[in-house]
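All remarks here apply to the structure that follows.
Protein chains: 6
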Amino acid sequence: MTNTKPISRWPVPDIADMPADIRARVAEVQDKAGFVPNVFLTLAHRPDEFRAFFAYHDALMLRDSGLTKGEREMIVVATSGVNDCVYCVVAHGAILRVYEKNPLVADQVAVNYRKADITPRQRAMLAFALKVATDSASIEPGDFEPLRAHGFSDEDIWDIGAIAAFFALSNRMANMISMRPNEEFFLLGRLPRASK
Amino acid sequence: MTNTKPISRWPVPDIADMPADIRARVAEVQDKAGFVPNVFLTLAHRPDEFRAFFAYHDALMLRDSGLTKGEREMIVVATSGVNDCVYCVVAHGAILRVYEKNPLVADQVAVNYRKADITPRQRAMLAFALKVATDSASIEPGDFEPLRAHGFSDEDIWDIGAIAAFFALSNRMANMISMRPNEEFFLLGRLPRASK
Amino acid sequence: MTNTKPISRWPVPDIADMPADIRARVAEVQDKAGFVPNVFLTLAHRPDEFRAFFAYHDALMLRDSGLTKGEREMIVVATSGVNDCVYCVVAHGAILRVYEKNPLVADQVAVNYRKADITPRQRAMLAFALKVATDSASIEPGDFEPLRAHGFSDEDIWDIGAIAAFFALSNRMANMISMRPNEEFFLLGRLPRASK
Amino acid sequence: MTNTKPISRWPVPDIADMPADIRARVAEVQDKAGFVPNVFLTLAHRPDEFRAFFAYHDALMLRDSGLTKGEREMIVVATSGVNDCVYCVVAHGAILRVYEKNPLVADQVAVNYRKADITPRQRAMLAFALKVATDSASIEPGDFEPLRAHGFSDEDIWDIGAIAAFFALSNRMANMISMRPNEEFFLLGRLPRASK
Amino acid sequence: MTNTKPISRWPVPDIADMPADIRARVAEVQDKAGFVPNVFLTLAHRPDEFRAFFAYHDALMLRDSGLTKGEREMIVVATSGVNDCVYCVVAHGAILRVYEKNPLVADQVAVNYRKADITPRQRAMLAFALKVATDSASIEPGDFEPLRAHGFSDEDIWDIGAIAAFFALSNRMANMISMRPNEEFFLLGRLPRASK
Amino acid sequence: MTNTKPISRWPVPDIADMPADIRARVAEVQDKAGFVPNVFLTLAHRPDEFRAFFAYHDALMLRDSGLTKGEREMIVVATSGVNDCVYCVVAHGAILRVYEKNPLVADQVAVNYRKADITPRQRAMLAFALKVATDSASIEPGDFEPLRAHGFSDEDIWDIGAIAAFFALSNRMANMISMRPNEEFFLLGRLPRASK
Chain A
1189 MTNTKPISRW PVPDIADMPA DIRARVAEVQ DKAGFVPNVF LTLAHRPDEF RAFFAYHDAL
1249 MLRDSGLTKG EREMIVVATS GVNDCVYCVV AHGAILRVYE KNPLVADQVA VNYRKADITP
1309 RQRAMLAFAL KVATDSASIE PGDFEPLRAH GFSDEDIWDI GAIAAFFALS NRMANMISMR
1369 PNEEFFLLGR LPRASK
Chain B
1189 MTNTKPISRW PVPDIADMPA DIRARVAEVQ DKAGFVPNVF LTLAHRPDEF RAFFAYHDAL
1249 MLRDSGLTKG EREMIVVATS GVNDCVYCVV AHGAILRVYE KNPLVADQVA VNYRKADITP
1309 RQRAMLAFAL KVATDSASIE PGDFEPLRAH GFSDEDIWDI GAIAAFFALS NRMANMISMR
1369 PNEEFFLLGR LPRASK
Chain C
1189 MTNTKPISRW PVPDIADMPA DIRARVAEVQ DKAGFVPNVF LTLAHRPDEF RAFFAYHDAL
1249 MLRDSGLTKG EREMIVVATS GVNDCVYCVV AHGAILRVYE KNPLVADQVA VNYRKADITP
1309 RQRAMLAFAL KVATDSASIE PGDFEPLRAH GFSDEDIWDI GAIAAFFALS NRMANMISMR
1369 PNEEFFLLGR LPRASK
Chain D
1189 MTNTKPISRW PVPDIADMPA DIRARVAEVQ DKAGFVPNVF LTLAHRPDEF RAFFAYHDAL
1249 MLRDSGLTKG EREMIVVATS GVNDCVYCVV AHGAILRVYE KNPLVADQVA VNYRKADITP
1309 RQRAMLAFAL KVATDSASIE PGDFEPLRAH GFSDEDIWDI GAIAAFFALS NRMANMISMR
1369 PNEEFFLLGR LPRASK
Chain E
1189 MTNTKPISRW PVPDIADMPA DIRARVAEVQ DKAGFVPNVF LTLAHRPDEF RAFFAYHDAL
1249 MLRDSGLTKG EREMIVVATS GVNDCVYCVV AHGAILRVYE KNPLVADQVA VNYRKADITP
1309 RQRAMLAFAL KVATDSASIE PGDFEPLRAH GFSDEDIWDI GAIAAFFALS NRMANMISMR
1369 PNEEFFLLGR LPRASK
Chain F
1189 MTNTKPISRW PVPDIADMPA DIRARVAEVQ DKAGFVPNVF LTLAHRPDEF RAFFAYHDAL
1249 MLRDSGLTKG EREMIVVATS GVNDCVYCVV AHGAILRVYE KNPLVADQVA VNYRKADITP
1309 RQRAMLAFAL KVATDSASIE PGDFEPLRAH GFSDEDIWDI GAIAAFFALS NRMANMISMR
1369 PNEEFFLLGR LPRASK
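Protein chains in written order, with my numbering: chain A, 1189 to 1384; chain B, 1189 to 1384; chain C, 1189 to 1384; chain D, 1189 to 1384; chain E, 1189 to 1384; chain F, 1189 to 1384.
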């Protein structure tokens, strides 16, 4: 499927013209996913910001944490949903489906996490993440209590809030540059493994 | 003036216990500013995120740009104002006063940029930054027109939006951890040089 | 795939216990779609309201109109997106994909129609539909002008607004009763015909 | 008092040209009320939608219910107030005054039900109705508890929410077509019976 | 008609116990209106604030102005409507009906001035008043242009905005103390003179 | 420092041309503060409104009260912050610093009182004041309970709400006329006494 629609409002560099470290990162994700998610191409327009962006992303999304990788993607999808970010909802929705091996949860969480097939603990996690995303100035000590009641440690809570904060940045960049999701993401994780 | 109020809801590492590169960064800012802004201490709780955060910050705030450093700080102060972030309004307000050699502009921009002593070009810049901060999903091609009419290049516009996006992250982190501004910031840049 | 999750907060009648006309409608949709969308089961709890609901639905969605059936579903998906209605986004997203033979458009329109692969005329249509959905009291004569400029007749405009208004009802009912979308909808229209 | 102001932005059919069943409905309401409320004239522009609209209305407003007819009109007036619908506030305000034999309650409920001369049970009813009207996506199990504490059955709660949902539709149609209330409604129910 | 409902959450002084100047003012309004509007009783709880309140009120509402007294009451009713103030909508709605000799206009303006039987000039006046009431920080030079185009002088514009500002105070006080409107207001100005 | 920027969008009278009582008031504040705050000059454009404004102000801000003068200024600064009023934040921020002999508290309260160095009692006071400022229609008996728990009397609560209400007026006037704060205010109260 060829996509001739622009993937950014700004110029997108050819892979061949990217700095070596960025080219290596692009090659790595291409190997792993079978395609290059557009965020790696569009943000390469600014190599230093690219490097910081993915360093930050990896620091939060790959670290050892009391949150599973699927739970971290739930935070991304829920907060990207309230920020109306097409790229992030579609791309991270796909990743969420894959991690959770659940074809339904991404659409549920993107639209209204209260109706999603998730645990009460995950619901408390998303309620806090959405407060960080939409009304962080009102956070008070009482907001931490339901999280602790569900067994989240202080480090887990930092993770929840920091992921919500990082995607506050990411959603705004994607919306500003009108980043287009790769078509591959729309179907990813929706089919049983065998039929893929 | 000794401050015994906590500067974060999370543990703050002793400088001696920080990784060498972070310690070096702390020493550098201490040399330059005469004190260590609390953001360097509180975020050091997570070294990898600290490194990514300041790499991102520097990529945006130190690069060659069509925006002056003062204009970049205006964006920080205006967007931190709508996000009700005490740390960022106070700390970046101080930096803005210093860069602009103007003791009034930070308080004006923090409360309502429409009443600030800035140029029409700077007003257009802040209107766009605030749209990125508060309603990025509604950005449409028409939003770029007033910026271009004021002579901003596409790279300048990326800078405006990316700074607003980066401080969307920063404000949310500061609000979540309840980051306290150093007392030095409150007065900085308010007095004529001689009397300091 | 068996679903044992409740599909409504209220009792759901057995098909065998439904009045004959409703049973016939259920049989008809079962024949056509291969499954019974949950809205037909959950709303059957109140037969008179069921009849009025589907009579209204059919009057709007099946009538001869200057809007294609796909365009009408775009209105449903866009307004259900702003109302955070999981059932309507998922179920009507599926129908939209089928009508438009486009696996991408539903997710785009549900999150942010400004980024969707639709025509400028359709974009004007959705802008008006969203104003009816979210701020109908502010509608003024000027709101009709972009629609007329795109060739919409007064009857077409009634259709746009009436569909947005009808799903204002539908979204609220689905949210109140916590109507669960059938799992079939999530994948429908996402695959090329042949592979289904 | 002759009113020559338009009652809709769309064409309004002559009664003589309406289908027989609609003409009959119009005659019936004329007999009962002494005048034809404009909603019967303006919506007759679309006979199928007219039939579904009034079937839905009657199913909710005339059924046996744990809510009195006056209470149902309170829901209409309160939700139409937040939706800024002049027709519905004025017309249903009149009906509310008549049912409740209370010349004050409609204006109170339309502006702020918290200050109205109603029972705590009715106040809980309106709080839920307004949540359905303005924020149905956030409805959670806890929202049902105050209603049950006041003795509302599950069927009563459906009625409350369904009336709020139906008038979400009705308010949006009236606002879009700029439906004008009959002048008779403004005074109806404000005077003691004898003086009418 | 005796009203035993409290008219304020705070103590209401007996008229006999009020300072002489306030008692005189109460007597004057009693003579003129035939009853004492509750605002004169409830605010007398604080004599100095009472005096300043009515001095301000009179300065705005009684002065020579390019706005008629009816137009000034339109501003009160429209802004009190968006502030959901039962006392002010009901009491000033009555005064508006009397001044305009129009039994319909108050209910129209209170719910949605866009649908009211008023002139385009009055509509521009209310649009500006509502901006002062709800979003004064965004007022920019461009907001004055439609007013000037309709012939409002700078002094008239001050009147529009100052009345909106004064009732921002008044609405908040009435809401906080839960000021109850006199029952007389509900009917006032709704009947032709002769039948009163 | 000479300021040639306009201090109002409306004409500002020369002091010599003001009525004697207003001139006296201006002289008094000049003596006390060492300069004439611009609110005394800009509002003198309308002498009667000037008199009522300052009578109201003094009645609230100078009366014996369970609130200290510093606490009353906290209310002004917090509510002016949410109303984005540059004049009131800057001018009353200065007064707050002076009364509290605290160079930090004004900036904290203006941006987010939850992070300010104030007592829990003062935090409850500001939470109520902000509800009066932003959502007075929702005030219910329960809103008074935390205030009483902190020992505020009914008269104290009136003071809190009335100050918030008065500055609702003041902020809107200042925003409409674009009242410019005197440059003296920006630094006032920021330095230890000795160095002034």
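C-beta atoms are modelled at their ideal positions from N, C-alpha and C, and glycine is treated no differently.
Proximity of residue i and residue j at Cβ, strictly below 7 angstroms
{"i": "M1206(F)", "j": "A1232(F)", "result": "yes"}
{"i": "I1210(B)", "j": "F1241(B)", "result": "no"}
{"i": "A1362(C)", "j": "L1248(C)", "result": "no"}
{"i": "F1389(E)", "j": "V1264(E)", "result": "Given that chain E is displayed from residue 1189 to residue 1384, the structure contains no residue 1389(E) and the question cannot be resolved."}
{"i": "M1364(D)", "j": "V1270(C)", "result": "no"}
{"i": "E1261(F)", "j": "H1245(F)", "result": "no"}
{"i": "L1229(F)", "j": "D1347(F)", "result": "no"}
{"i": "A1325(F)", "j": "D1272(E)", "result": "yes"}
{"i": "D1295(B)", "j": "V1224(F)", "result": "no"}
{"i": "E1288(F)", "j": "G1330(F)", "result": "no"}
{"i": "N1226(C)", "j": "N1359(C)", "result": "no"}
{"i": "R1368(D)", "j": "I1195(D)", "result": "yes"}
Closer than 9 angstroms at the beta carbon, the chain C residues around residue i
{"i": "R1302(E)", "result": "A1325, S1326, I1327, E1328"}
The alpha helix (DSSP H) enclosing residue i, as first and last residue numbers
{"i": "G1349(F)", "result": "1342-1365"}
{"i": "P1380(B)", "result": "Per DSSP, P1380(B) belongs to no alpha helix (DSSP H) and is neither H nor E."}
{"i": "D1323(E)", "result": "1308-1323"}
{"i": "V1227(E)", "result": "1226-1230"}
{"i": "T1209(E)", "result": "The question names Thr, yet the displayed sequence has Asp at residue 1209(E). Unbroken alpha helix (DSSP H) run through D1209(E): 1208-1221."}
{"i": "F1135(A)", "result": "Residue 1135(A) falls outside the range modelled here, since chain A spans only 1189 to 1384, and no answer is possible."}
{"i": "H1233(C)", "result": "Element bounds for H1233(C): n/a, residue is neither H nor E."}
{"i": "L1375(D)", "result": "1371-1375"}
Cross-chain neighbours of residue i in chain D, by beta carbon under 8 angstroms
{"i": "F1374(E)", "result": "P1291, L1292, D1295, R1378"}
Within chain F, partners of residue i - CB distance below 8 angstroms
{"i": "F1354(E)", "result": "L1357"}
Within chain E, partners of residue i - CB distance below 7 angstroms
{"i": "V1278(D)", "result": "D1295"}
Contacts of residue i in chain E (Cβ-Cβ under 8 angstroms)
{"i": "E1237(F)", "result": "Y1244, A1247, L1248, A1350"}
Per-residue contacts from residue i into chain D (C-beta, under 9 angstroms)
{"i": "D1205(E)", "result": "Going along chain D, no residue has its Cβ under 9 angstroms from D1205(E), so there is no contact; the nearest lies around 27 angstroms."}
{"i": "E1371(E)", "result": "P1291, L1292"}
Where residue i meets chain F, residues with beta-carbon distance less than 9 angstroms
{"i": "S1366(B)", "result": "R1302, K1303"}
Proximal chain B residues relative to residue i, where beta-carbon distance stays under 7 angstroms
{"i": "A1240(A)", "result": "A1240, A1243, Y1244, A1247"}
Closer than 8 angstroms at the beta carbon, the chain C residues around residue i
{"i": "M1361(D)", "result": "G1349, A1350, A1353"}
{"i": "K1193(A)", "result": "D1305"}
Partner residues on chain B for residue i, Cβ-Cβ distance less than 8 angstroms
{"i": "V1299(F)", "result": "G1269, D1272, C1273, V1274, V1277, V1278, A1298"}
Chain F contact residues for residue i, given Cβ-Cβ distances below 7 angstroms
{"i": "V1320(E)", "result": "R1360, M1364"}
{"i": "K1220(B)", "result": "What K1220(B) touches in chain F: nothing, since even the nearest Cβ is about 23 angstroms away."}
Neighbouring residues, chain A, relative to residue i (Cβ below 7 angstroms)
{"i": "D1342(B)", "result": "W1198"}
Cβ contact (3+ pairs, closer than 8 angstroms) linking the region 1312-1327 of chain F and the region 1329-1341 of chain A: Look at the beta carbons and you see the region 1312-1327 of chain F not touching the region 1329-1341 of chain A: under three pairs across the two are nearer than 8 angstroms.
Contact the region 1294-1309 of chain C vs the region 1336-1353 of chain D: 3+ CB pairs below 8 angstroms: Touching, no, given that fewer than three Cβ pairs across the two stretches are closer than 8 angstroms.
Contiguous alpha helix (DSSP H) assignments of at least 4 residues, all confined to the region 1271-1301 of chain F: Counting only runs of 4 or more, we get 1274-1288, 1293-1299.
Inter-stretch contact (C-beta, 8 angstroms, three-pair minimum) for the region 1215-1231 of chain F and the region 1216-1236 of chain E: Here the region 1215-1231 of chain F does not lie against the region 1216-1236 of chain E, with fewer than 3 beta-carbon pairs under 8 angstroms apart.
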